[in-house]
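If you read the protein sequences in the order shown, they are chains A and B.
Our numbering numbers the first residue of the first sequence as 2 and each following residue consecutively.
Our numbering numbers the first residue of the second sequence as 2 and each following residue consecutively.
Cβ coordinates follow ideal geometry from the N, Cα and C atoms, glycine included.
Remember, predicted model here, so these are calculated numbers, not experimental data.
Number of protein chains: 2
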Amino acid sequence: MNSLWPRSRLLRNSRLLRRADAIVDAAANVFAERGYHGTSTQAIADVLGLRQASLYYYFPSKEAALELVCERGVDGFVETAEAILAGAGTPLEKLTALIAAHLAPNASKRDYVKVFINERRYLPDASRRRIGRKSRRIERCFEEVIRAGIADGSMREGADLRLTVLAVLGMMNSVINWRAADQDDASVARIAAELSQLVVAGLAKPVPARKRT
Amino acid sequence: MNSLWPRSRLLRNSRLLRRADAIVDAAANVFAERGYHGTSTQAIADVLGLRQASLYYYFPSKEAALELVCERGVDGFVETAEAILAGAGTPLEKLTALIAAHLAPNASKRDYVKVFINERRYLPDASRRRIGRKSRRIERCFEEVIRAGIADGSMREGADLRLTVLAVLGMMNSVINWRAADQDDASVARIAAELSQLVVAGLAKPVPARKRT
DNA sequence: ATGCATTTTTATAGACGTATAGAATCTATA
DNA sequence: TATAGATTCTATACGTCTATAAAAATGCAT
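As structure tokens, this is what we get:
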């Protein structure tokens, strides 16, 4: 009749996890604002109305906190991207979907994404590499979709694939640093639409096709 | 017959300036690698084989050093961009030239540019605003050239101008963070060409024009 | 060589930052 | 309400960091 853990332990865990979540959220907030090295554990505690030393009940070190934040910052990106790649649609449609999906967390997880983008380089080697592997999987999704587009004739050949992907990712990742924090989710969708348009069609006006009939 | 200052003073100044240059160069180097807040004045001194306290003969504070580095990082960008805008050429040609000019310092002033891009947000308010004004002048150059392109029919209408400019700048500014440091100047030119192509033409294959004759 | 100005060093004040230990307080439940 | 365990607090060790002051060393013109 007993479950694996006593009820109290489950309760404890759920409360602990909720609180831990709030702590990491505060860390993300301050890291995003002032950068990892510019943030003192005191500043994180201030956001929560906690004492500086109390944080160490929830994580063993400041570095560990950064790791948690970055983890959440990149979480879901890979899965979503790979799902889009595996799903239905033309390469051009998938590219547009990838861009929209990549930008969506700009609204829902702003601080986490910002920290992931700007501060992950300060992670200790081990976790930086682990997280770097995820980044590379995302890059590969974009690569694959463009490769497919070239193969089926919908995208132009001749571009340096890797370079193009890094450029497009760089463009998308810059958004977190210039989009106003107080804008709504719709603004992210609008940005995604504009960036897709830019990446797919470019700025030049297409040569008008001769009469179709 | 006397110049404004005695010869010794000029000599002093030129030597002082050369040395100051080396100091700022070392600061740029370490700031670029570890970030502003991740850098101790000790680390800068180590690069030079100097004692930590000796740095303060050349600048009054670490913040002042960051300011000098950022200053040099953005220096020339505005002038070059405005010159291109004022010069001859079609908007599309000018856009390509702007992109090439914006990327060129990636090779020649790598550390300075990297610090300007990644660390300027840690500048004290006054200098951050001053340097921010320069950034906005650069943005305006891109805006103007696209506006001109739309006006003369060479670029497509309907895009959000400001958003497009920020995206293109974000794309270009990301280069400093992913281009391998040990590559030659030619690689920057190649990247510039690719990015121009991407921004101008997009990834989609143009609909083949019906027979021209 | 001497003397003056420049540059660098030593020494250190004083603030701040991370992390630990153990005491105090809170919470849920019997 | 008494108790056990969870959470937070106080106090503090200990290292690191920026910046200053004064002494020492160096370079240079005469």
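Please report how far the alpha carbon of residue i lies from the alpha carbon of residue j, in whole angstroms.
i	j	result
LEU5/B	ALA23/B	At LEU5/B the pLDDT is 37, less than 50, meaning the model places this residue with poor confidence and gives no usable figure here.
LEU93/A	CYS142/A	13 Å
SER128/A	VAL116/B	24 Å
MET172/A	ASP47/A	34 Å
SER188/A	THR165/B	14 Å
ALA152/A	ASP161/A	15 Å
ARG121/B	GLY133/B	9 Å
LEU170/B	VAL114/A	20 Å
GLU158/B	SER55/B	57 Å
ALA87/B	GLY150/B	14 Å
ARG131/A	GLU144/B	40 Å
ASP186/A	GLY77/A	18 Å
ARG8/B	SER62/A	Residue confidence for ARG8/B is low, a pLDDT of 47 falling below 50, so the modelled location carries little weight and cannot support an answer.
PRO125/A	PRO207/B	46 Å
ARG180/B	SER197/B	17 Å
ARG148/A	TYR57/B	54 Å
THR40/B	THR40/A	14 Å
LEU18/B	GLU195/B	39 Å
Since residue i and residue j should fall inside the 8 Å C-beta cutoff, what is the C-beta to C-beta distance between them, to a whole number of angstroms?
i	j	result
LEU67/B	TYR123/B	7 Å
ASP112/B	ASN178/B	Incorrect: roughly 12 Å between the Cβ atoms, too far for contact.
ALA202/B	GLY203/A	4 Å
ALA168/B	MET156/A	With 8 Å as the limit, ALA168/B and MET156/A do not qualify as a contact, their Cβ atoms being about 19 Å apart.
VAL176/B	ASN107/B	6 Å
Report the option in the options whose CA atom is closest to the CA atom of residue i.
i	options	result
GLY74/B	GLU158/B, ASP26/B, ALA98/B and ASP186/B	ASP26/B
ARG137/B	LEU104/B, LEU51/B and ARG163/B	ARG163/B
GLU64/A	ASN14/A, ALA82/A, PHE78/A and HIS38/A	HIS38/A
LEU51/A	GLY36/A, CYS71/A and ARG20/A	ARG20/A
TYR59/A	GLU83/A, ASN14/A, ALA182/A and ASP183/A	ASN14/A
ASP183/A	GLY154/A, SER109/A and GLU83/A	SER109/A
LEU104/A	ASN174/A, GLN198/A and LEU18/A	ASN174/A
PRO209/A	GLN198/B, ALA181/B, GLU195/B and GLY154/B	GLY154/B
Enumerate in chain order the residues of its own chain whose CB-to-CB distance from residue i is below 6 Å, with the five nearest sequence positions on each side excluded.
i	result
LEU49/B	ALA27
LYS95/B	ILE85 and VAL146
MET2/A	With a pLDDT of only 34 at MET2/A, under the threshold of 50, the placement of this residue in the model should not be trusted; the figure read from the coordinates follows. Excluding residues within five positions, none has a Cβ falling inside 6 Å.
ALA101/A	ALA193
GLU72/B	none
Which same chain residues end up closer than 8 Å to residue i when comparing Cβ atoms and leaving out the 5 residues on each side of it in sequence?
i	result
GLY90/A	ALA98
ARG191/B	none
GLY36/B	ASN119 and GLU120
GLU83/A	ARG138 and CYS142
Return the chain-ordered list of same chain residues with a C-beta closer than 7 Å to the C-beta of residue i, the five sequence neighbours on each side being excluded.
i	result
GLN53/A	THR42, GLN43 and ALA46
THR81/B	ALA102
VAL79/A	LYS135, ARG138 and ILE139
ARG16/B	none
ARG10/B	Note that ARG10/B scores 49 on pLDDT, short of 50, meaning its location in the model is unreliable; the coordinates nonetheless yield the value given after this. Within the same chain, ARG10/B has no close Cβ partners at all.
Which parts of the region 92-158 of chain A are runs of the alpha helix (DSSP H), unbroken and 4 residues or longer, counting only runs that do not cross its ends? Look at the region 92-158 of chain A and you find these whole runs of alpha helix (DSSP H), each 4 residues long or longer: 92-104, 106-109, 111-120 and 126-152.
Please give me, in chain order, every unbroken run of the alpha helix (DSSP H) with length at least 4 that falls completely inside the region 6-82 of chain A. Counting only runs of 4 or more, we get 8-35, 42-49 and 63-75.
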